[in-house]
Structure formats: structure tokens, C-alpha cells
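Worksheet: one structure, shown below.
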Amino acid sequence: MNALLIVVLAVPAAGAAAAALLPDRVGRIAGTVAAAVALLASLPLYRDSWFSYGPAGVRPWHEVDYSWVPALNLHFHLGVDGVSYPLVVLTALLTLLCCGFTLWRAPEPGRGNTLVALLLVIEVGILGTFLALDLVLFFVFFEVVLLPMYAVIAVWGDRDRAHAARKFVLYTLFGSVLLLVGVFTVVASAGTADIVALTGGGELSRTTQLVAFTLLAIGFAVKSPLWPLHTWLPDAHTQAPTVGSVILAGVLLKMGTYGLIRVAVGVAPEGARWAAPVLGVLAVAAIIIGSLVCLAQTELKRLIAYSSVGHMGFVLLGIATLTATGIQAALIGNVAHGVITGLLFFLAGAIKERAHTGDLAQLGGLRETAPRLAGVLGFAAIASLGLPGLAGFWGEAFAVVAAIDRGGPLWTTLGVVAAVGGALTAAYFLRLLRRVTHGPAIGSLAPPTLAPVEVAAWAPLVVLALAVGLVPGLVLGMADGPVQALLEALP
Amino acid sequence: MEDLSLPKIDYAAVAPMLILFGVACVGVLFEGVLPKAARRVTQLVLALLGLVAALSVIVWQSDTRVLTAGGAVAIDGPTLFLQGAIIVLGIMALLLIGDRAMEHGGAFVAQAAITVGSEADRKQAVKEQGATEVYPLTVFAIAGMLLFVAANDLLTMFVALEVFSLPLYLLCALARRRRLLSQEAALKYFLLGAYASAFFLFGVALVYGFAGGVEFGTIHDSVTESTQSTVLLYAGLAMIAIGLLFKAAAAPFHVWTPDVYQGAPTPITGLMAACTKVAAFGGLLRVLYVGFDGVAWDYTPILGVVAVLTMLIGAVLAVTQTDIKRLLAYSSIANAGYLLVGVLALSKDGLSSTMFYLVAYGFTVIAAFGVVTLVRDADGEATHLSRWAGLGRRSPLYAGIFTFILLAFAGIPLTSGFIAKFAVFGAALDSGEAWLVVFGVVTSMLLAFPYLRVVVMMWLSEPGESTPTVSIPGGLTAAALVIGVVATLVLGVAPAPLLDLTTSAADFVR
Amino acid sequence: MAGYLGSYATLGLLLLASVVVFVGAFSANRLLRPASPAEPIGKRETYECGVDPVGGDWAQAQIRYYVYAYLYVLFAVEAVFLFPWAVIFDRPGFGATTVVEMAIFVAVLALGILYAWRKRILTWT
């Protein structure tokens, strides 16, 4: 079982090499096969949290720990637990769907196999980030994602891609630098980079924790993104090709929130406690501002992109409460957002491809021209706005509940305002549906029907959105133990 | 007069240097007696054999820890490691120097004294074979560097400094194309180098006045015990440091670097960027760690400021460059700053991480200049950045290699650049030099932009009319490229063996 | 005039005397000469044996002189090393090693001459 952790990383890496070296079509197939194998390999990593116990704040189900560079005290330490497992599977699934999607239609220009190779490299980076239990290794994988994603946006993106890609790199590099300084601070003052040992922050003085948390949290906030560091996101998402947007929104943003839970809160809990109100206020600001901006959007992809800002606001609010409910809400919100927004970007891509425009004013009557597409879009939008029974509900509802449970005037206010933000979310998604699916048919969509590949790519996401919505225990059950362990470890 | 006696020399320990000096002399002899047609191959083989032989002796002698030649030469862990590094990097540079596949007659001028722009100059640029004196000169330079890192007293160090500098001054002037630029570079390098040497020598004199000796052991003792006025000591140390920092290309003694790197023949630029840097920092390490460690508290803040200045100037000015060789020059300046951060850790970790950084950077930078020699048009190398636009479409392989090299320079994980930076910053943090690390990390980010700009230019611009072709490299350049790229990758993924080696070598004898 | 620096005192006196003579001669000249010098045409021109000067006074020297001067300096410096060696090479404990070392030193310099000769630097055309 432990070897599977290595396999999960090695297979996409090998697939990337194969996809890059083989000729176009064969390369794409090889890459897709690798992504499928990675998904299959990631599934058996599951284990009931009952089996892992102990005093540590992180109790991995499986782990491997090799000394990588003894002289620098670097370890190749991987592990998976209930916090990371859903994200690992989600990453593997979305990458597989994207690779499969490129089999059917590789975006212009450039060669499709290169795109598949880059997607697989991104997958390696993201999976590694979720699996790493060594702080430096975590940073290494965190960085691996940056340049391939840049290339995906800059080569296959829309008209304004160069600008968007540059903005993405500027912001993320800035975040990385802070992250690196934070990692250095922690490692130098604790003398170890082992996340298991560091969780709980016992070794670190209060001042160190405050400094470390500030640095790490800003670093992750850029990636998540937290208002006001979010401005790279709408551009990047809008300009990226469909598969790029799916990966970006689906899993790349999760690296930030996951890092915030596992690294920033875990390693510097004192700092987290100190900064929690600020984080909470910013998160709620993100929810409100994201929703208001969405109400004014006229472009389909841009609207969905801004909706991510709002949704990630809920996730961050959950984390900021530093309660079991809140962190659970953040985790399930993460997964739900990954599934639903991934689906939404697939749909936006499909609509733009058929209508040759993403302008809401020039879309309309999808219900008549392409009923199936309209149906899926309606489902995804309703899931995203947080209808009970669908995946989006749990994260948002429980983030609000956690904030109100936390008590005190500040948190109660935050909870109430966030709830209002949730209502605004409903408003802009309904506006979207009214504009796009209802109303008189404008223009024509060609072809109006769905291709089998599209159905195949969207079906798992639809099923997951429904499943997580109906049985939230799927995610919450396995995250329960680790979250308790994390909170017990906090002083 | 009566106690004059012959110093004992451990010939086995100094054999690498003797071999290289001998090989260089034989090279000069061959230059005089061999027919023209046979010279190039003979010289190249001779030089390579000499380097390999010297390297074998170093490996064979790797457990030697001895002061020899009357205390003038110290053969210890750092010496052997740095000598090995210089030789390996020297072999790579020699491969670049020896390649004649890209350009008829090689990268060097046939007759350096030909007037620039004359009929004869145009003729030599197109037709004539390059001068073969470059091989003995290179070997002389490398031998001088070996002596420089082994020198255990300031006078030997000065002699070694001159021995490796003079051939480099000459080599800089020997470019086949753009001869005016090349000669200007050589003259600048020579004048400023002579100036720095004078500083160094004056510093040696002052330190002699303070300590009554030039051996590092004597200096070390008198730094802790002497009751002399410390003005001599500080002034002397400052001047010695100026001489060494000049060679290491640290700000504010860096102004020669961009001009010289740009004007010199590209293989020589590679040699200077890799080997000279190793030698200069080797010397600096020994001076600071062995001779003057007693006043570490006094020089650390000053050298810290120099390091910060170096990193900032290198990173900021790299952003504005439009010539690839100048860009690499400024990057080399910034890297000197990172190396200084490692040096200033003033610990065993600092020593070992600095040595690791030197090797990692050396491999990468030679490979980088190797790629620069490939991108050329009818007038020779096309070094202006705008000419590199769209290279990724023309030649994905070499653009890919260069991208990888630039990522290593930028310190992206899984390249040697990341591990090296991590090691020096970690060592500095352990020694409580957090402010240097903060500047280091921030400037690394700044420095990433010029690299990314080049990457973007190569891959995302359309190739234009003026995009040059990439020549198919000859076997020698290809070999150097492969060594450099593989080393950069391996040192990024599995750096443990080399790090262990540097750690076990990190002990000076005094 | 005794003591460690005694022998330098003579030298010092000599230097002093030469300075006095130099300054004295020029001062006398200044005192004795007429105060209003004439300015005939051509007084400040370059003087070339009565012939009208040709070209500027910034003439280029032949590079060959430099090569010869360089070779000369090389061997002059060699002599500096040879003299101390000649004083001690026959003492006990030196012997063969010392002779071989000096032979190598001279051989390296001779190699330089050989190179110069083969490159036809020594022919003046």
C-alpha cells in the first residue's frame, strides 16, 4: 500500500515524459492511460481512520519516508490521510477527465500531446503537494505546478493570454517567495521540516509562529485566492483553455486552502489564532465582493471565475473559525467546489465553442436550441449556488454555522454577512440561468447535441456533485478523525 | 643564513599542478615544433589528457591532508574538492573551446594582431584556422587556479592569481568575430584586473606589517595574539578582499563583468564564469576561514553589505539587459552574491554548501554558454535577445535545454539551482544571518523575471525573419551540453552524494 | 654613522647633495636670465635638425621594440633568481635537487625563446 504513494506520483510523471516524446495522437493516448492508472492507484489508498491513532496531529493512513538529502535534513516523506485523500482522488479524476477531453479535441494552437504532458506534470505537482509530509518537499511540489500552468495559459489561452499568464506568474511567484521565507523560518527555528512533528507548533515560540503564519498565510492566500489578492484569478481562468480552467479552478486553488489547513494552521496554531479574525473578515469580504462582482459580469467564463472567489471565501471562513465544524466545512467545500466549478468550466467551454462567444448578451434560449446542454448547465449552477441536496450546500452552510457557533459579536456578524453572501450567490447564478438558458433564442449553437466524449467527461462530475450532496459523509466521515487530531494537537 | 634549508615538497600532493604546468609547457613546445595541420588535434588531446591525469591524481590523493612546500601549499579537503571541481569544469570548457563544428576554424582568431576591419581580418574571420595557442593558455589558467585554491600563504596566492589571470586576459582578446569588442573586453579586464592585483598586493604588504608573516597560520595566530595596531590588519584585509571580490565579480567590483563576458569568445566566457568563480571563492574561503577567522565579527557586516549589494545589482540590472551574454553576466554577479551568503555563514555548513553551490552553478553556466555558441547566423553568434524570439519553434530541443538551464538559474525545485540555494541559505540561517537570506530570497524572485522573459520569448513569440538557426553542435559541444544538463538535473534530484562529499571535505588544515 | 641604518646615511647625504645641486642650478638660472624672453616665429615648433617638422609629435613606436624589450626583461629577471641560487647550490643538503630545479626554471624560459624563434619574432622584417 505504501508503495502506491510513489506510484501515484511516478505514473503521471512517466506519462508526461511519454506524452511529450511520442507523436501527437499516441502521446495523448499514453498520457490519458497514465492519468487513468494514477486514478486507479489513488483509490485503494483509502483506509478507515480508526486504524491510525497516536498523539501526533497528523496520523497518516499510509506513509513512506526516505532520506532524500541527509546533509540538508530533507526527507522524501509522503503520506495520505482523510484531509488529503479526497483531494488526491479529485485531482486524479479531473486530470483524467481533462486528458480524455484533449483526446477528443485538442485546443489550438500547439500540439495536443504537449498539453497532455503539461497537464500530467501539473498533476504530479498537485498530488505531491497534497501528499507531502515534509515542509520542503511540500514547497518543491508547490513550485512544480507554476511553470506548466503558465505555459498552458500562455500557449493555449484566449486572445489576452500573454497578459493573463504574466499576471498569474507574478502573483504566484510573489506568493512562493513568502511561502519559501515562511518555510525557512519554520525549518530554521524548529530544526526539522517534518510536518508530522511540526503540527501543533509546540517547538516554536509565539513570535516565530506569528511571523511564520503571516508569511505562510499570505503565500497560500495568493493561491487560494483570498480577497484582495485574487485579481490574477479572473484573468487566468477566463483566458485559459477549457482544460486549463478546469484544473485551475478544480484543484489548483485547493493547494492554497489545503496548505492553509495543513501547514499554516498546523505548524503555527498560535499565529492562526491571532490572525483568525483578520482572515475571517477578509473571507467574508471575498464572499460579498465576489458575489457583487458576479452580478455585474457580462462574460460567462469570467462570471464563473469570480464565483470561485466567493466560494473560496466560504472555505477560508471555515478555516478561520478554527473549529472542527469549520474545518470540516472547508474540506467538503473544497471538494464540492472542485467538482462543480470543474463541471461549470467544461460547460462554459462547450458553450463558447458552439456559440463562438461568451458574452451573456449574445447567448440566450439555450433551453430551446440545446436542451441537454442547458439542463446540465442548470444542474451545475444550482449545485454551485448551494441548493440543499447538492454538493455545494454543505460547505457553505456549515461555514456559516461554524462562524455563528464560534459566538461573539464579530463571528456572529461574519456568519450573518456570509449567509447574505450565499443569497447573493443564488441571485447571480439565477441571473446567469435566466440570461443563458431562458429567454428568446439568440444565435444558433452548432452542434446542439452533446458529443459522447462530453457526456463521458461530465457524467462523473454530475454524479459526484449529487453523491457528495446526498451523502456528505463520503467526505466528512473520513475527514472527521484527522480534523479532530489536528484540533487536539493545537494548544 | 645558516638555517637556510631546502623545503620538503610532497610531490604526490602537488602532482596535479605539476602535471598541468608541465602539460602547458609541452603545449607551448608543440606550438613551436609541430606542423600547423597537426597542432589542433594534438593540443586538444594533450590538454584533455593532462586534465584527466590531474583529476585522477586528485581522486587517488583524496585522503591527503598536508601542508607542503614549506607551508606555501595546503592540500586538504576543500583544496582537493575545489581542484577537482575546477578540473571537471575546465574539461567541459575545453570541450567548448575545442569545437570547430559550428564555425570554420573555431571560435578563435587566427592572428590576434590583425587590424580590425582590414582585408586580412575579413579573410581570417571566414577562412583561417583559429590559433591553437588557446589550449596551452587554458591549461596554464586552470593550473593557476589549482594553485590559487591550494595557496596557504598570501604571496603564493598572489602568484597564482597572476598565473591564472594573465592567460585569461589574453584569451579574452581572441574572439574570431566582433574583434573590437573582444579586444576592448580584454583591455578592460587587464587594466581593472591589474588594478585589483595591486590592491591585493598592497593588502598583503600591510598584513605582513601587522602579522610579520604571510602564511595563514601566522596571520591567524597574530590576529588573536598580536598587540600591533589593528589599522594595518583591517586595511590589509580590506584590500585583499577587494582583490578577491574583483575576481569573484561581487559588487561594487563587478563593473568589468558584463563587458568582458560579452566581448570574450563564448567558450572562454564559460571558463571564466565557472572556473574563475570556483577559484576566486576558493581563495576567499581560505583567506576568511583560515587566516582571518579571528576578526570574523568585524568583517561579516561589511561583506554582508557587499553580498546584498551584489545580489541586488545583479538581479536588478539583469532585468534591463537585451543581450543574452550580458544577461548571463549579471546573473553571474547575482550568483556571486548568493555564494557570499554561503561564505558568510562562517561554519562547516557554510563551507560545504558554498562548495556545492560552486559546482552546481559551474555545470549549469557552462551548459548555458554552450547553448549560446549554437545560436548563430552568418555573422557569428546572435546574442541579442530579440534574435532569440521564437527559437522554441525553430529548435525545440535546444530551446528546451536552455529553458531547463534558466529554470535552474532561477532556483526552481528539482534542479541543482534550488538545492544549492537552499543549502547556502540554510547554512546562513543556522549562523543567524537571516537578513542575508531575506535579501537572497527576494532577489531570487526578482532574478526569475529576466529568465522567464527569455523563456517566454523563445516559446511564445513567432519566429521572425531574423531568428537565427541553431547549428547542430559538434560532438565536443554536445558532450559538454549533455554533461552540464545531466549534472544540473542529477544534482537537483539526488544531490546527496555530492553534498556528503562536500561535507566530508569541509575541513581546512592550518 | 654606525648602527643598522648607518650605511644608508651616506646614500641619504648623496641624495641630499644632488637635490641641492639641482635646485641650486635651476635657481641660479632663473636669477641670471633676462626677464623678457623673445618670441620669434617658430620658437615653440618641434625642432628637427633645422628641417621643417613633418607630422605631429605623437608618433607610433614600432611594436617590435616592445617584443625585444620584453624578451630582455625576461632574462634580466631570470638573473635575479640565478644569483642567490649560485650562492647556495653547492652547500650540503641542496645539491642535485637544486640544480635540477634551476634547470627546469631555465628550460621554461628557454622554451619561451624557442617559441619566439619558431614564430619568427626574432627576425626584423
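Top to bottom, those sequences are chains A, B and C.
By the working numbering, the letter at position 363 of the first sequence is numbered 363, and the numbering carries on one by one without gaps.
By the working numbering, the letter at position 210 of the second sequence is numbered 1210, and the numbering carries on one by one without gaps.
By the working numbering, the letter at position 106 of the third sequence is numbered 2106, and the numbering carries on one by one without gaps.
Heads up, the beta-carbon is just placed ideally off N, CA and C, and yes, glycines get one too.
Quantities reported herein were computed from a predicted structural model and do not represent experimental measurements.
In the DSSP assignment, A:His77 falls within the beta strand (DSSP E) that extends over 74-80. Taking 8 Å as the upper bound on Cβ-Cβ separation, chain A lies near residues Leu1407, Ile1412, Pro1413, Leu1414 of the stretch 1399-1415 of chain B. Pairing B:Trp1060 with A:Gln484, the inter-Cα distance amounts to about 58 Å.
Inter-segment contact for the stretch 1270-1286 of chain B and the stretch 1339-1350 of chain B is present: three or more beta-carbon pairs are separated by less than 8 Å.
Listed along chain B is no residue with a C-beta nearer than 8 Å to that of C:Thr2123; the closest approach is about 15 Å.
As for any alpha helix (DSSP H) of minimum length 4 sitting wholly inside the stretch 1032-1090 of chain B, the runs are 1036-1060, ordered along the chain.
At a cut-off of 9 Å between beta carbons, B:Asp1507 makes no contact with chain A.
With respect to chain A, the C-beta atom of B:Ala1434 has a partner C-beta closer than 9 Å. Within the same chain, Cβ atoms closer than 8 Å to the Cβ of B:Leu1476 are found at Leu1095, Leu1096, Gly1098, Asp1099, Ala1101, the five residues on either side in sequence being excluded. Taking the Cβ atoms as the reference, A:Pro228 lies roughly 25 Å from A:Val152, outside the contact range of under 8 Å.
When the beta-carbon positions are compared, A:Gly318 and A:Ala380 stay at least 9 Å from each other.
With respect to B:Phe1200, B:Asn1152 sits apart: the two C-beta atoms are not nearer than 9 Å.
Taken in chain order, the complete alpha helix (DSSP H) segments of 4 or more residues contained in the stretch 1422-1489 of chain B are 1434-1460. For A:Phe184, the chain B residues whose C-beta falls within less than 8 Å of its own C-beta are Phe1425, Gly1426, Leu1429, Val1437, Val1441, listed in chain order. Nearest CB-CB separation between B:Ser1005 and chain C: below the 9 Å threshold. The residues Ile1419, in chain order, have a CB closer than 6 Å to that of B:Pro1495 in the same chain once the five nearest residues on each side in sequence are set aside. Measuring C-alpha to C-alpha distances from A:Gly100 to each of A:Gly375, A:Ala34, A:Thr321, A:Asp235 identifies A:Ala34 as the nearest.
Exclusion of the five residues before and after A:Leu39 leaves Ala92, Leu93, Leu96 as the residues of its chain whose Cβ lies within less than 7 Å of its Cβ.
Within 9 Å of the CB of A:Leu204, no CB atom of chain B is found; the nearest one sits about 15 Å away. B:Ser1222 is a Cβ neighbour of B:Ala1211, given a cutoff of 9 Å. At a beta-carbon threshold of 7 Å, the residues of chain A lying near B:Thr1503 are Ala71, ordered along the chain.
For B:Ala1360 and B:Ala1274, the gap between their C-alpha atoms comes out near 10 Å. Shown here for B:Val1073: same chain residues with a beta carbon closer than 7 Å to its own, the five before and five after excluded, namely Val1014, Ala1150, Ala1151, Asn1152, Thr1156 in chain order. Within chain B, the residues Leu1006 have their CB atoms less than 8 Å from the CB of C:Phe2094, given in chain order. In the assembly as shown, A:Pro409 is an exposed residue. Its beta-carbon has fewer than 16 other beta-carbons within 10 Å. Shown here for B:Ala1085: same chain residues with a beta carbon closer than 7 Å to its own, the five before and five after excluded, namely Val1278, Leu1358, Val1359, Gly1362 in chain order. For B:Ala1113, the closest Cβ of chain C is nearer than 9 Å. Remark: C-beta atoms of A:Ala427 and A:Val284 do not approach each other more closely than 9 Å.
A distance below 7 Å between beta-carbons, with the five flanking residues on each side excluded, links A:Trp68 to the following residues of its chain, in chain order: Leu74, His75, Phe76. Close CB contacts of C:Ile2041 within its chain, under the 7 Å cut and outside five residues either way in sequence, are absent. Contact between the stretch 1436-1450 of chain B and the stretch 196-214 of chain A is absent: fewer than 3 CB-CB pairs across the two stretches fall below 8 Å. Annotation: the continuous alpha helix (DSSP H) that includes B:Trp1256 extends over 1256-1263. Taking 7 Å as the Cβ-Cβ cut-off, the stretch 2105-2117 of chain C approaches chain B at Val2108, Leu2111, Leu2114, Tyr2115, given in chain order.
Under the DSSP assignment, A:Tyr66 falls in the beta strand (DSSP E) whose first and last residues are 62-69. DSSP, read as helix, strand or coil, puts B:Asp1500 in helix. Contact check for A:Thr437 against A:Arg372 fails: the beta carbons are separated by 9 Å or more.
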